[in-house]
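Below: one structure, written as structure tokens.
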Amino acid sequence: IIWLIMLVFVFIFIGDYFVDFAFHRSNDADFHGMPKASAIIVSPDAKPVPKPEFSNRICTITADNGEKRNATLFMADNMTHNYIILVHGYCRNQEFFWDYADCYLKAGYNVLTPDLNASGTSDGEYLTMGSIESDDIVAWSKELVKTDSNAKIVLHGISMGAATVMMATAKDLPDNVVAAVEDCGYTSAYSMFTEQLEKNYDLPRFPVMNYIDLMSRVKTGCFL
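Structure representation (structure tokens):
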């Protein structure tokens, strides 16, 4: 029995470690701080891109949990009610999506580029692979409608942002959201995490993933 208890504690420790490793913002004081897993998962060659040279302003909303979320709203040169919400990926922030924003702006769309939960200049301690982040997108959509009741909104997300957009489409979006672009998303955070665990650490799916999943629920509020 003692060995069994010790084994359970070992797996709880492993689960706790990997949740922090993959989802916890590594430096709360650094707006660009990313989870430590970014060093082995995200390409080190990817850099933020220049800010589009269009009229813009910083926007802020308050999430249901009281945390602040920030975004940049870029306005096209000509008056339009067409908007794009660009949703960045894992261990990234809005600055990495500004090349897409520039293309949309030149095509005549207004563009909102939010920093998601626990990313960029937005509050948050843990990423949740789209779960909490999709609530952010619903809130931003409603915020755009508040300022422009005639808005027609397209959601466009890449990687984790794509999964975030897909989750958002299942939530209480305003009717002003007319389309969604799912760009290179994943089908399951659980299976993706399992693949990385086996590939980089040669650890078995069972029971390690079970404890990681459980600790994810405890620490982030969301199961994988």
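Residue numbering for the sequence shown follows the working numbering, starting at 42 and increasing by one per position.
The C-beta atom is built at its ideal place from N, Cα and C for all residues, glycine as well.
Keep in mind it's a predicted model, so treat the numbers as computed, not measured.
In angstroms with no decimal places, state the Cα-to-Cα distance between residue i and residue j.
i: D156; j: L45; result: 43 Å
i: D213; j: G202; result: 18 Å
i: E239; j: S79; result: 17 Å
i: F234; j: N119; result: 44 Å
i: E108; j: T210; result: 22 Å
i: I43; j: F50; result: 11 Å
i: F54; j: P248; result: 13 Å
i: K187; j: W139; result: 24 Å
i: A104; j: A117; result: 27 Å
i: N97; j: A148; result: 16 Å
i: L255; j: N106; result: 22 Å
i: Y58; j: M207; result: 29 Å
Using 7 Å as the threshold, is the C-beta distance between residue i and residue j below it?
i: P91; j: E136; result: no
i: V152; j: T205; result: no
i: L168; j: F95; result: no
i: I253; j: G56; result: yes
i: M170; j: A230; result: yes
i: I199; j: D176; result: no
i: V60; j: K260; result: yes
i: A87; j: P76; result: no
i: V83; j: C132; result: yes
i: T113; j: I126; result: no
Excluding sequence positions up to five away, which residues of its chain have a Cβ less than 8 Å from the Cβ of residue i?
i: Y124; result: Y150, N151, V152, L153, L185, D189, A192, K193, I194 and V195
i: T162; result: F72, N111, N134 and D156
i: E166; result: H65, R66, D69 and A159
i: R246; result: T235, L238 and E239
i: N263; result: Contrary to the premise, residue 263 reads as Cys rather than Asn in this sequence. Around C263: T169, M170, S172, I173 and S257.
i: T121; result: G149, Y150 and N151
Quick check on the burial criterion: 16 or more other C-beta atoms within 10 angstroms. Buried or exposed for residue i?
i: F115; result: buried
i: Y242; result: exposed
i: S257; result: buried
i: M250; result: buried
i: L265; result: buried
Between which residues of its own chain and residue i is the CB-CB distance below 7 Å, once the five residues before and five after are set aside?
i: V179; result: A209, K212, D213 and L214
i: V219; result: K193, I194 and V195
i: A142; result: P93, F115, L127, V152 and T154
Starting from the C-beta of residue i, find all residues in its chain whose C-beta is less than 6 Å away, skip the five residues before and the five after it, and write them out in chain order.
i: L244; result: L238
i: I102; result: R110, A180 and E184
i: D164; result: E108 and K109
- Entirely enclosed alpha helix (DSSP H) segments - the segment 103-147, minimum 4 residues: 139-147
- Which parts of the segment 200-232 are runs of the beta strand (DSSP E), unbroken and 3 residues or longer, counting only runs that do not cross its ends? 218-224
- Which parts of the segment 166-203 are runs of the beta strand (DSSP E), unbroken and 3 residues or longer, counting only runs that do not cross its ends? 193-199
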